[in-house]
Every structure is written in structure tokens, then in C-alpha cells.
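Chemist: Dumping the structure here so I can ask a few things about it.
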Amino acid sequence: MKATAVSLLALFETKMQLEVPLFQRQYIWQREKHWEPLWEDIQRKFTDYLDGRKDAPVHFLGAMVLDLKQTPATHVGKRQVIDGQQRLTTFQIFLSAFCDFCNEHGCEDMAKECAGFTLNKGLMVDPEVDKFKVWPTQLDRSQFADVVGAGSRVEVMKRHPLRKRPHARNFEPRPRMVEAYFFFYDQFGEFFIGTKTEPPLAGEVPLAQRVEECFQALKSSLQVVEIDLENGDDAQVIFETLNARGEPLLPADLLRNFIFLRAARRGEAQEALYKQYWARFDDPFWRVEVKQGRLFRPRSDLFLQHFLASRLTADIPVKHLFVEYKFWIERSQPFTSVKDELACLARQGDDFRRIMAPAKDDLLHGLVTFLDTFDVRTSYPLLLTMLDLGMDDAQWITVSTILESYLLRRAVCGLTTKNYNRVFLGLTRTIRREGATPAILAKQLREQSGDSAEWPTDEKFAEAWRTKYAYQVLNNPKIVHILKRLSDTYLTGKNEAVTVENALTVEHILPQQWEEKWPLADGSKGLTTTELWTADKDEARANASRKRNQALQTFGNLTILTQSLNSSVSNSPWNLKKPELLKHSLLPINQLLHDVTTWDETAIALRSDDLLARALKVWPLGVVIESTK
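Everything in the sequence shown is counted per my numbering, starting at 4 for the first residue and increasing by one.
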């Protein structure tokens, strides 16, 4: 057996067919578990090359075990795939989609270059079979040929159109290889062409140049270990050994070994360094797993991920953490000694612990609680950087206001969160370069533009506040946060803050089922949702019902209670509901309801404007302050 590290594309350079034996399983890879992670890895290498970071570490895709197949003399050599067939098949589908994308977007030269890695050329005994670089197991051959041999997205769609059974809601699933093709093709569209809310990376560079750069990334940055079996090697034993899965080491384990091995080689006192700096990471706190994307990760791994992202100002997936950290240490040599390295990790580890579990009296508590509620953990590298560089209490208070205003305004306006990773890494880069001050942070956020990154103006925020259905753009915890913060603005010197032990609940003051007990302004009964479907669009009662349905879903009609009302009380008329509502909540936001005799669309609009005026002060646009450092 001979093992060699090679580029993945090198497996497809020669006139050769990698044949999957008939006893191997069918193609089973799927989107969430396999295609998306693979695309994330490849996209990351694409980004490295477009950013000019061609010296970034290669990405390792595992081992491919191949066995030379003894066949009659042909024009195309044959090798059997003992292990790695799912990856090889997927990558051929990937290349086919890439080739078709290039061809259909005016990059014909690149398409021809790419085609040489999916199809054999020249003399063949059986061209319909021998032309494929990879030939899957028998049950998969038809769909594979349909995808790789189609030549265009249109042709693949013709061969496998979307179909629905009579009365069915969803389309019938297509073969997995077909779905894989369309998945990758669509990802190319988003990456190279962009979306309605997000332009493509390096969009100022011609498309042909960008796809060529990315193809070079495929050639240089994706590697496998090619294991060639020799005479006497037992293919089955090797297959079983490679697929035996022990308990894998975590990135934090690998980094610890890497760090302390270097300390030993340099003659630094390992035991003393461990006790002083690393022992804290063996606390049970760091082993607690928290959700990160689709998976749960130990806090130690998340810390190291965000720490490295804050230093490199680049997105670092957990699975690449060890490689990227090792590459950073060896290439950049950011520390003069292992002791300095560990001291930095310990200091920032303490900072991260504050972020993950702040004490109630910690200055960060309000901000990180907000970030957790609004699910914006992509900001953690920025927070680590600002903690590392240092700010006084007044500056932190202002920074909290700036970040919360930016993120909350965008949330209320229903704007995308997809670009937050890029936004916060950009902010981190600027802060490291220009200094950690609120003024610099506010300036950078004010300069963001477009739906994917802008800081909404007062006008945009007000429009969304008055018109958008709150529960269409926000979930319950976010609405509770907003209303609780606004409730605090009603506090005066005459009343004390209300301590709330239990979770607050959101209540529609005008109930969602209002038609029976809340007549319209003219005294008539409102139309139900079902009745509105068939009602004439100009009918007065229908228009009044639609106007009321619009109003009841806005902030002016929402409040928070310390105890939820039962359904009978919640749907009662205003004269019966108001005393029960006030009895169940002493929160300041509800005290003004004492004087409201009629609750209707006019009352909702007035309360909406009052809450809006307060929201504009709590979450101002472009907080302008000078650094106090």
C-alpha cells in the first residue's frame, strides 16, 4: 500500500476511470449533512483566493483508497474505488455543475478546461461508458449519466423536471444526484452573481477572471491522501480499518497538545504554564456544549474559534480551527514565547466567559443578553477584540447602545441577517487598525449600505414600526425584550422599577379573535378571515375588518404581562378586559391604559406613536460621541 498526498483534481487529470464496485452502497449523500458542509469548505477556499490569500492552508478531504483493476487492454485505464466513492461522485457532480454554470454565463474557455476533469477524450472501446471519469455502482449509473453527461442545466431539468401528484402540495423528490447538481449550481449563482440583498464577492472583477481564480483554488487548495493498493493488500481489511470510528479529538485538545509540545521543545516550564494559564480551560464550564449552527460544540472550541477569528479577522469554521491556528502561529509568529501565547489565551478566555455567562452586575450583561435574544453571536469576535484592546465603562455603555440600535432597527425592519458575519469581521478589522472607540464603531456602521448591512433611518424604522406585523419579523423573546425596554422608559421618580421573576408574556390588547365581542366603529360585526376571502374588495365592512387586522398585529396593540390571561378574559370586550389586564401587570408600560375608555384602531395608532417616540430615543441612529480614552 502506498499513500500520497495529492490535489483532488489530480485524480481526474489522466485518461482514467474510477469505477465503484457493484457491492458498494448507492449514493446516499444529502444536502444538510454533506453537500452544504462541502460547499462551505469550498466556498471558503474560493474566498481565500479572491481575497488574495493564496498561502492559506490547504483543505484536506480525507483518504481515497484505489485499487488497480485487472481488465483487458483498453484505451481507458480502470481503477476500483475501495473507499471514498461518495466524495468522488459528489465532486464529479460539483464539477459538472461548475462547468455548466461557466458555459451558460459566457465563460466558455473555463468550461472547456473544467470538462477535461469530468469526461475522458480520445479513443475508447465503449464511449458511452468509458467517457466518464467516475463510474458509480450499477443502480446509480443512469442518474449519474443524466447529470454529468447533460451539458447544461436546462438539459438536466428536461431529463428530470419537477413533478407533482394530483392535489399534492409539494413536488416529488428527484434522484439525489440530480438534487446535488441543482444545489451546487444554485450556490454558484449566489456566490458569483449575487442575490437581491447581497452582491457577489469581488463583484468589480470580471466574472471570467473570478471563476478562473476559483478553479485554481480547486486545483491547489483541496487535497486528498491517495492510497494505492498493491499486490497482497487486503482491500476489505483496509476498508474496515479506515471506516472504524473512534472518539475524535476536539480542536481544543489538538491545540493544547500543539501548544505544550512547542513549550517542551523550547525548554519552557510546561507544568507551571499549565497551572497558571491552561488549567482554567479544564473547568466543567468549558465542556458544556452549546448550539452553533446545525451542531452542538463545547464552549472551549467556540472560544478558540472566535478568538482566532478576532485575530485573523476571517471566518474560521470549527472543523478548520486546528489547521488555521497552527498556520497562524507558524507563519505570523504573533507571540515571542509560548508563555505569552498562553497568557493571551487565558486573558481572552476570561473575556469569553464574561460573554457567555455574564454576572448580572457585569457591564456586558445587557448587551450579551440582547445579542443572545436576537441570535447575533457572529459579533463575538468584535467583542473579544474590544475587550482585548480595552475601553472604560462609559465607552462600553455607548457601544452597547450603538450595537443594539443597529441590530434592533434592522430586526424591526425585517432586514436580512445573512451578511452579519462579514459586517462584524469588517468592524473587527477596523477596530484593530484604528482603535476600540464608540466613535469609530458608530462611523463604520453609519457607512454600511444596502438591505444587507444598512443602519435603518428614523423614517424606515418608523414605517416598519407602524405597518409591519410584529410576529412576521420577530419572535416572542425579541418582542418581549423590546416592550420591556420601552416599559422602563415610563419609570419616573415617583415609581419604582418592578422586579420580574417569571418570564413575561406578550398580549394582544385587541384580541386576534375579535370579531364576536369587539364590534367595528359603526357597531357592525367584523368579518372573519374566511369571510374576507370571498368579500368584495370595496365593501365597507370588509375594508374596516382588514384595517383592524392590520392594526392589531403592530406594536401599538402589543403589551407585556407578568401573568398570561386565560382565553376567555383575553377575548372579552374592552370594559371587561381592561381591569383584568391591569390586575395582571404592574409594569409601567400598562399604567397609561387606565385612562383609555375605548380601544380601537385610533387608540392603537396613538399608542404606537408614543412607543415609537420612545423607541427612537432608546435606539437612536448613529450615536455620535467622542472617545473618552
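Heads up, the beta-carbon is just placed ideally off N, CA and C, and yes, glycines get one too.
Owing to the predicted nature of the structure, the values given are computational and were not obtained by experimental measurement.
Report, in whole angstroms, the separation of the C-beta atoms of residue 566 and residue 587, which I expect to be a contact under 8 Å.
Modeler: Translated into the one-based positions of the sequence shown, residue 566 becomes position 563. Translated into the one-based positions of the sequence shown, residue 587 becomes position 584. Confirmed, about 5 Å.
Chemist: At what residues does the beta strand (DSSP E) containing residue 335 begin and finish?
Modeler: Sequence index remark: in the sequence shown, residue 335 carries index 332 (1-based). No beta strand (DSSP E) holds residue 335; the alpha helix (DSSP H) holding it covers 324-335.
Chemist: Are residue 303 and residue 360 closer than 8 Å when you measure CB to CB?
Modeler: Along the sequence shown, one-based indexing puts residue 303 at 300. Along the sequence shown, one-based indexing puts residue 360 at 357. No, these two residues do not count as a Cβ contact at 8 Å.
Chemist: Which one of 522, 197, 581 has the shortest CA to CA distance from residue 593?
Modeler: As a position in the sequence shown, residue 593 is number 590, starting the count at 1. Residue 593 has its Cα closest to that of 581, out of 522, 197, 581.
Chemist: Opposite residue 576 in the DSSP bridges: which residues?
Modeler: Position 573 of the sequence shown, counting from 1, holds the residue named residue 576. Bridge partners of residue 576: none, in fact.
Chemist: Under DSSP, the alpha helix (DSSP H) around residue 359 begins and ends at which residues?
Modeler: On the sequence shown, position 356 is the one that residue 359 refers to. Per DSSP, residue 359 belongs to the alpha helix (DSSP H) from 341-359.
Chemist: Could you tell me which residues DSSP puts in a beta bridge with residue 301?
Modeler: Stepping through the sequence shown from its first residue, residue 301 is reached at position 298. Its beta-bridge partners are 292.
Chemist: Go to residue 19, then tell me how far its beta strand (DSSP E) extends in each direction, as first and last residue.
Modeler: The count along the sequence shown starts at 1 and reaches residue 19 at position 16. Residue 19 -> beta strand (DSSP E) spans 19-22.
Chemist: Contact between the region 613-626 and the region 484-491 is defined here as three or more beta-carbon pairs at a separation below 8 Å; is this criterion met?
Modeler: Result yes; three or more Cβ-Cβ pairs closer than 8 Å.
Chemist: Okay, do the region 434-451 and the region 331-339 touch, 3+ Cβ pairs below 8 Å being the bar?
Modeler: No, they do not touch.
Chemist: Taking the alpha-carbon positions, what's the residue 196 to residue 318 distance?
Modeler: Within the sequence shown, the letter at position 193 stands for residue 196. Within the sequence shown, the letter at position 315 stands for residue 318. Their Cα atoms are separated by approximately 21 Å.
Chemist: Hey, would you say residue 391 sits closer than 8 Å to residue 447, going by beta carbons?
Modeler: Position 388 of the sequence shown, counting from 1, holds the residue named residue 391. Position 444 of the sequence shown, counting from 1, holds the residue named residue 447. Cβ atoms of residue 391 and residue 447: not closer than 8 Å.
Chemist: Report yes or no: do three or more beta-carbon pairs, one from the region 59-70 and one from the region 156-171, lie closer than 8 Å?
Modeler: Verdict: no, contact absent.
Chemist: Could you tell me the alpha carbon to alpha carbon distance between residue 546 and residue 144, rounded to whole angstroms?
Modeler: Within the sequence shown, residue 546 is the residue found at index 543, counting from 1. Within the sequence shown, residue 144 is the residue found at index 141, counting from 1. Answer to the nearest angstrom: the Cα atoms are 59 Å apart.
Chemist: Using beta-carbon positions only, say whether residue 324 and residue 61 come within less than 8 Å of one another.
Modeler: Along the sequence shown, one-based indexing puts residue 324 at 321. Along the sequence shown, one-based indexing puts residue 61 at 58. No. Outside cutoff.
Chemist: Roughly how many whole angstroms lie between the Cα atoms of residue 287 and residue 150?
Modeler: Against the sequence shown, residue 287 aligns to sequence position 284. Against the sequence shown, residue 150 aligns to sequence position 147. Cα to Cα, residue 287 sits roughly 50 Å from residue 150.
Chemist: Taking all protein chains shown into account, decide if residue 130 is buried (16 or more other Cβ within 10 angstroms of its Cβ) or exposed.
Modeler: To locate residue 130, count along the sequence shown from 1; it is residue 127. Result: exposed.
Chemist: Taking the Cβ atom as the reference point for each residue, do residue 343 and residue 366 lie within a distance shorter than 8 Å?
Modeler: What you label residue 343 is simply residue 340 of the sequence shown in a count that begins at 1. What you label residue 366 is simply residue 363 of the sequence shown in a count that begins at 1. Contact: no.
Chemist: How about residue 46 and residue 140: do their beta carbons lie closer than 8 Å?
Modeler: For the purposes of this step, residue 46 is taken as residue 43 along the sequence shown, with counting starting at 1. For the purposes of this step, residue 140 is taken as residue 137 along the sequence shown, with counting starting at 1. Cβ distance not < 8 Å, so residue 46 and residue 140 don't count as in contact.
Chemist: Does residue 216 come out as helix, strand or coil in the three-state DSSP assignment?
Modeler: Looking up residue 216 in the sequence shown gives position 213. Helix.
Chemist: With a Cβ-Cβ cutoff of 8 Å, do residue 456 and residue 424 count as a contact?
Modeler: Position 453 of the sequence shown, counted from the start, is the residue given in the question as residue 456. Position 421 of the sequence shown, counted from the start, is the residue given in the question as residue 424. Result no, Cβ atoms of residue 456 and residue 424 do not sit closer than 8 Å.
Chemist: State the Cα-Cα distance for the pair residue 2 and residue 124, rounded to the nearest angstrom.
Modeler: Shown here, the chain extends from 4 to 632; a query on residue 2 therefore has no answer.
Chemist: Less than 8 Å between the CB atoms is what I'm expecting for residue 557 and residue 611, so what's the real figure, rounded?
Modeler: Residue mapping note: residue 557 aligns to position 554 of the sequence shown, counting from 1. Residue mapping note: residue 611 aligns to position 608 of the sequence shown, counting from 1. Yes, residue 557 and residue 611 are in contact; Cβ-Cβ is about 6 Å, under 8 Å.
Chemist: What first and last residue would you give for the alpha helix (DSSP H) that runs through residue 10?
Modeler: To locate residue 10, count along the sequence shown from 1; it is residue 7. From DSSP, residue 10 is part of no alpha helix (DSSP H) but of the beta strand (DSSP E) over 5-10.
Chemist: Can you tell me whether residue 316 is helix, strand or coil according to DSSP?
Modeler: Locating residue 316 in the sequence shown gives position 313, where the first residue counts as 1. Of the three classes helix, strand and coil, the one that applies to residue 316 here is coil, per DSSP.
Chemist: Count the other CB atoms, across all protein chains shown, that sit within 10 Å of the CB of residue 87; report buried if there are 16 or more and exposed otherwise.
Modeler: Reading the sequence shown from its first residue, position 84 is the one you call residue 87. Buried, since its Cβ has 16 or more Cβ neighbours within 10 Å.
Chemist: With 16 as the cutoff for other CB atoms within 10 Å, does residue 409 come out buried or exposed?
Modeler: Locating residue 409 in the sequence shown gives position 406, counting from the first residue. Residue 409 is buried by the Cβ-count criterion.
Chemist: Do residue 113 and residue 220 have their C-beta atoms within less than 8 Å of each other?
Modeler: On the sequence shown, position 110 is the one that residue 113 refers to. On the sequence shown, position 217 is the one that residue 220 refers to. Cβ atoms of residue 113 and residue 220: not closer than 8 Å.
Chemist: What separation, rounded to the nearest whole angstrom, lies between the Cα atoms of residue 58 and residue 158?
Modeler: Here residue 58 refers to the residue found at position 55 when the sequence shown is read from its first residue. Here residue 158 refers to the residue found at position 155 when the sequence shown is read from its first residue. Spanning the two alpha carbons is a distance of roughly 38 Å.
Chemist: May I ask whether a heavy atom of the ligand FMN can be found less than 7 Å away from the beta carbon of residue 50?
Modeler: No copy of the ligand FMN appears in this structure; indeed no ligand is present at all.
Chemist: For residue 528 versus residue 518, is the C-beta spacing smaller than 8 Å?
Modeler: Indexing the sequence shown from 1 puts residue 528 at position 525. Indexing the sequence shown from 1 puts residue 518 at position 515. In contact: residue 528 and residue 518 (Cβ atoms closer than 8 Å).
Chemist: Buried or exposed: which applies to residue 341, given that a residue is buried once 16 or more other Cβ atoms fall within 10 Å of its Cβ?
Modeler: On the sequence shown, position 338 is the one that residue 341 refers to. So residue 341 ends up on the buried side.
Chemist: Smallest Cα separation from residue 637: which of 347, 402, 388?
Modeler: What the structure shows of the chain is the stretch from 4 to 632, and residue 637 is not part of that stretch, so it cannot be assessed.
Chemist: Evaluate residue 93 with the Cβ neighbour count: other Cβ atoms within 10 Å of its Cβ, from every protein chain shown; 16 or more gives buried, anything less gives exposed.
Modeler: For the purposes of this step, residue 93 is identified with residue 90 of the sequence shown, where counting begins at 1. Buried is the call here.
Chemist: Quick one: what does DSSP say residue 542 is sitting in, helix, strand or coil?
Modeler: Position 539 of the sequence shown, counted from the first residue, corresponds to residue 542. Note: residue 542 maps to coil in three-state DSSP.
Chemist: Just to check my reading of the structure: residue 430 and residue 385 have Cβ atoms closer than 8 Å, yes? What is that Cβ distance to the nearest angstrom?
Modeler: Residue 430 sits at position 427 when you count from the first residue of the sequence shown. Residue 385 sits at position 382 when you count from the first residue of the sequence shown. Sure, about 5 Å apart at Cβ, within 8 Å.
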